[in-house]
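Colleague:
Residue numbers (UniProt numbering): 1 to 704.
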């Protein structure tokens, strides 16, 4: 540890008796001084002893350093001598190596012609056997030496091919150039390869394939291998899975047998595509091509998808340099006749299927679909209706039916979604945006025009006139369902169409088409909502009818003031129940600002009705309390509107009703309160006049 003098002194003083407050002993400075002096002397003796030891070690170190330096110098001299000897040895080795290489070249120059001469002599010997017509050599008679015989036959065949035909006839060696022995041996090798493959002898297959590599029948050997690989490989119903398993197995084996495994594997895959897969595709598609478009499109999509998935798995194998192009051509060769007119089949099926879905829905409703007129007269009617908001033509009784069905919409969107998926998979990349736009046009025609737009037209025709006695919010149901359906339409537009056209000029065309449809529908929705607002008059009339029929004069001026058992009148209960139902219906049928606009209009009219209704009666003290209870209930009902203005109006009305029961001495104080201070004095006076005791001099005097 590092030496700290202060800590050392402290420890020394602590150990010395009398050096501190140890065990209650008194402090003895003399004893401590004596201990310090003795310790200093000990340290001085220790320092001298250590110093002598250091000097001795330094002398020894210097001596050893001199000896080491001398030894290093001697080693350097020895190293120089050894390096010089090494250079001399290296020069000598280089000289000898040069001589050996020269001698090797001379020996090779002598030996190579000799080996060629020996091989030529052997070939001449075998050549003579062919001339004599008797093959006596062991290499031709021993079946185990078929490899050596094949090599000899191949060389003799090449020699015979170089000789003119006349010379072959002169030398009687025509059999060498004819398919005879060459073909027989080739067939024998292929047979041997086949047998080895069946036995699973990979090494023997590799040897025979290496021999056949120089024969013309090598391709036939590959064909035999491919044919035998497929024996028993396609026993299940799933030809695509069988093909993937077969290629996986062959890929591990083909590299051990052939010198060009990528070529053999590519040929196997080509055979599978052109024979097995093409046959499977043709059987499943031709069966439904003309009779069942739906099943045909499903099968085409499924088969094409499974084929491309198989192609993706095969991309893992070594098939040469451009395997992507190779596999794409194979897929195209199978499906080209079906993909050329795919979009026409798709559009035709989508059109007929969508029409059938709509017709089936209208048939279930026993509804004969009206034709919506087009042309100049219809356009003129449309302009007049937009400007005047007047119904043109007789009102149609729809019996509350909106003619909008989410089930129909889901079916149409599902069919279109599947069409988009098939289009994405089956269309050529250059035709994809155009084909997707055609499918989108079909969706717009049948969903937006034939279903939603027709329902809006029918709904507009079904809106009752403003002088109708029965309030009918039928069109609000149409609005609600149309909004819901269009949200689904917009979601499919973004989720399924946009990815197909996002990077093409068709994007702007689709967006414009969608915008036009939205604007067209919004015009009709707004028109219907505006006309439906007029139906509020019918609602107010219904409320007025309830109040007139249910409210009695004795409700607010009971005969027995001390025996009133009800909290609010029967008329109030029925009106509030009716209003709550209408508010709920409006909220369920509309959204956004339309809800607030309609509810504000209804709330203001509701308040005016109650205000004018209360002005028709005289109120006793207990009757005034009952009127306050009624208005409090009306105010609770007004909270359901969630419109600040409506709630404020009923708060003020509730404060006005307090004038019916307040003591005469407190009238001025109540009238100057926060809620009534800003009201016109005539309004306050009109409410005070409704009191039974108004004509008393005291009340008139206090209010004046």
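Ideal Cβ positions, reconstructed from N, Cα and C, are used throughout, including at glycine.
(1) Quick check: the Cα distance between residue 205 and residue 319, rounded to an integer number of angstroms?
(2) Taking 8 Å as the cut-off, does the region 338 to 355 touch the region 401 to 409 (at least 3 CB pairs, one atom from each stretch)?
(3) From the DSSP output, in three-state form, read off residue 236 for me.
(4) Ignoring anything shorter than 4 residues, give me the alpha helix (DSSP H) runs that lie fully in the region 588 to 674, in order along the chain.
(5) For residue 9, does the count of other Cβ atoms within 10 angstroms reach 16, so buried, or fall short, so exposed?
(6) Using 8 Å as the threshold, is the region 190 to 207 in touch with the region 223 to 237, meaning 3 or more CB pairs across them?
(7) Per DSSP, residue 691 is paired with what?
(8) Exposed or buried, what is residue 708 when buried is set at 16 or more other beta-carbons lying within 10 Å of its beta-carbon?
(9) Hey, how far is the Cα of residue 694 from the Cα of residue 599?
(10) Once DSSP output is grouped into helix, strand and coil, what is the label at residue 482?
(11) In or out: residue 23 buried (at least 16 other Cβ within 10 Å) or exposed?
(12) Using a Cβ-Cβ cutoff of less than 8 Å, which residues in the same chain neighbour residue 607 once the five nearest sequence positions on both sides are dropped?
(13) Which same chain residues end up closer than 7 Å to residue 425 when comparing Cβ atoms and leaving out the 5 residues on each side of it in sequence?
(14) CB-CB under 6 Å to residue 49, same chain, minus the five flanking residues each way: which ones, in chain order?
(15) Can you check whether the C-beta of residue 3 is within less than 9 Å of a C-beta belonging to chain B?
(16) Taking Cβ to Cβ, would you say residue 690 is nearer than 9 Å to residue 615?
(17) Less than 7 Å between C-beta atoms, sequence neighbours within five positions excluded: which residues of the same chain meet that for residue 433?
(18) What residue does the alpha helix (DSSP H) around residue 205 start on, and which one ends it?
(19) Check whether the Cβ atoms of residue 568 and residue 482 sit closer than 9 Å, and answer yes or no.
(20) If I follow the unbroken alpha helix (DSSP H) through residue 275, where does it start and stop?
(21) If you run the structure through DSSP and keep just helix, strand and coil, what is residue 261?
(22) How about the region 538 to 551 and the region 509 to 520: do they share at least three Cβ pairs that are nearer than 8 Å?
(23) With the cut-off set at 9 Å, would you say residue 357 and residue 287 are in Cβ contact?
(24) Got a sec, what are the start and stop residues for the alpha helix (DSSP H) residue 421 sits in?
(25) Looking at residue 626 and residue 566, is the spacing between their C-beta atoms short of 9 Å?
(26) Using 9 Å as the threshold, is the C-beta distance between residue 317 and residue 251 below it?
(27) Which of helix, strand or coil does DSSP assign to residue 62?
(28) Can you tell me the Cα-Cα spacing of residue 282 and residue 239, whole angstroms?
(29) Taking the C-alpha atoms as reference points, what is the distance between residue 420 and residue 366?
(30) Checking 9 Å against the spacing of the C-beta atoms, do residue 624 and residue 657 come in under that value?
(31) DSSP three-state call for residue 566: helix, strand or coil?
(32) On the CB-based measure, 16 or more other CB atoms within 10 Å of its CB, does residue 582 come out buried or exposed?
(33) Let me know if residue 109 comes out buried or exposed under the rule of 16 or more other beta-carbons within 10 Å of its beta-carbon.
(34) Do the CB positions of residue 229 and residue 268 come within less than 9 Å of each other?
Modeller: Straight from the coordinates:
(1) In the chain shown, counting from the first residue as 1, residue 205 sits at position 205. In the chain shown, counting from the first residue as 1, residue 319 sits at position 319. Their Cα atoms are separated by approximately 21 Å.
(2) no
(3) One-based indexing of the chain shown puts residue 236 at position 236. Residue 236: coil per DSSP, three-state reduction.
(4) 593 to 614, 621 to 639, 644 to 657, 667 to 671
(5) By 1-based counting over the chain shown, the position of residue 9 is 9. Counting Cβ neighbours within 10 Å, residue 9 comes out exposed, since fewer than 16 surround it.
(6) yes
(7) Here residue 691 is taken as the residue at index 691 of the chain shown, counted from 1. Its beta-bridge partners are 619.
(8) Outside the shown range of the chain (1 to 704) lies residue 708, about which nothing can therefore be said.
(9) For the purposes of this step, residue 694 is taken as the residue at position 694 of the chain shown. For the purposes of this step, residue 599 is taken as the residue at position 599 of the chain shown. Each residue's alpha carbon lies about 37 Å from the other.
(10) For the purposes of this step, residue 482 is taken as residue 482 along the chain shown, with counting starting at 1. Looking at residue 482 - three-state DSSP - the assignment turns out to be helix.
(11) Counting from one through the chain shown, the residue named residue 23 turns up at place 23. Here residue 23 scores only 48 on pLDDT, less than 50, and its place in the model should not be relied on; the value that follows carries that caveat. Per the 10 Å Cβ criterion, exposed.
(12) As a working mapping, residue 607 is identified with position 607 in the chain shown. Excluding residues within five positions, the ones whose Cβ falls inside 8 Å are 638, 646, 649, 650, 653.
(13) Counted from its first residue, the chain shown places residue 425 at position 425. These residues qualify, in order along the chain: 301, 304, 305.
(14) If you number the chain shown from 1, residue 49 lands on position 49. Excluding positions up to five away in sequence, the list is empty.
(15) Among the protein chains of the structure shown there is no chain B, as only one such chain exists.
(16) Walking along the chain shown from the start, residue 690 turns up at place 690. Walking along the chain shown from the start, residue 615 turns up at place 615. Closer than 9 Å, so yes.
(17) The sequence position of residue 433 within the chain shown is 433, counting from 1. Cβ within range, chain order: 500, 501, 504, 506.
(18) Here residue 205 refers to the residue found at position 205 when the chain shown is read from its first residue. Run containing residue 205: 202 to 212, per the alpha helix (DSSP H) assignment.
(19) The residue you call residue 568 lines up with position 568 of the chain shown. The residue you call residue 482 lines up with position 482 of the chain shown. Cβ atoms of residue 568 and residue 482: not closer than 9 Å.
(20) As a working note, residue 275 is residue 275 in the chain shown. Run containing residue 275: none; DSSP gives neither H nor E here.
(21) Along the chain shown, read from residue 1 onward, the residue named residue 261 stands at position 261. Helix, per DSSP.
(22) no
(23) Reading the chain shown from its first residue, position 357 is the one you call residue 357. Reading the chain shown from its first residue, position 287 is the one you call residue 287. No, they are not a contact pair.
(24) By 1-based counting over the chain shown, the position of residue 421 is 421. First-last of the alpha helix (DSSP H) with residue 421: 406 to 426.
(25) Taking the chain shown and counting its residues from 1, the one referred to as residue 566 is at position 566. Taking the chain shown and counting its residues from 1, the one referred to as residue 626 is at position 626. Yes.
(26) Walking along the chain shown from the start, residue 317 turns up at place 317. Walking along the chain shown from the start, residue 251 turns up at place 251. Contact: yes.
(27) For this step, residue 62 is matched to residue 62 along the chain shown. Three-state result, residue 62: helix.
(28) One-based indexing of the chain shown puts residue 282 at position 282. One-based indexing of the chain shown puts residue 239 at position 239. Approximately 13 Å, taken between the alpha carbons.
(29) As a first step, residue 420 is located in the chain shown; it is residue number 420 there, counting from the start. As a first step, residue 366 is located in the chain shown; it is residue number 366 there, counting from the start. If you take the alpha carbons of residue 420 and residue 366, they lie about 32 Å apart.
(30) Translated into the one-based positions of the chain shown, residue 624 becomes position 624. Translated into the one-based positions of the chain shown, residue 657 becomes position 657. Going by C-beta atoms, residue 624 is nearer than 9 Å to residue 657.
(31) By 1-based counting over the chain shown, the position of residue 566 is 566. In this structure, residue 566 counts as coil in the three-state DSSP scheme.
(32) As a working note, residue 582 is residue 582 in the chain shown. Classification of residue 582: buried, given that the 10 Å Cβ count is 16 or more.
(33) As a working mapping, residue 109 is identified with position 109 in the chain shown. Per the 10 Å Cβ criterion, exposed.
(34) Looking up residue 229 in the chain shown gives position 229. Looking up residue 268 in the chain shown gives position 268. Going by C-beta atoms, residue 229 is nearer than 9 Å to residue 268.
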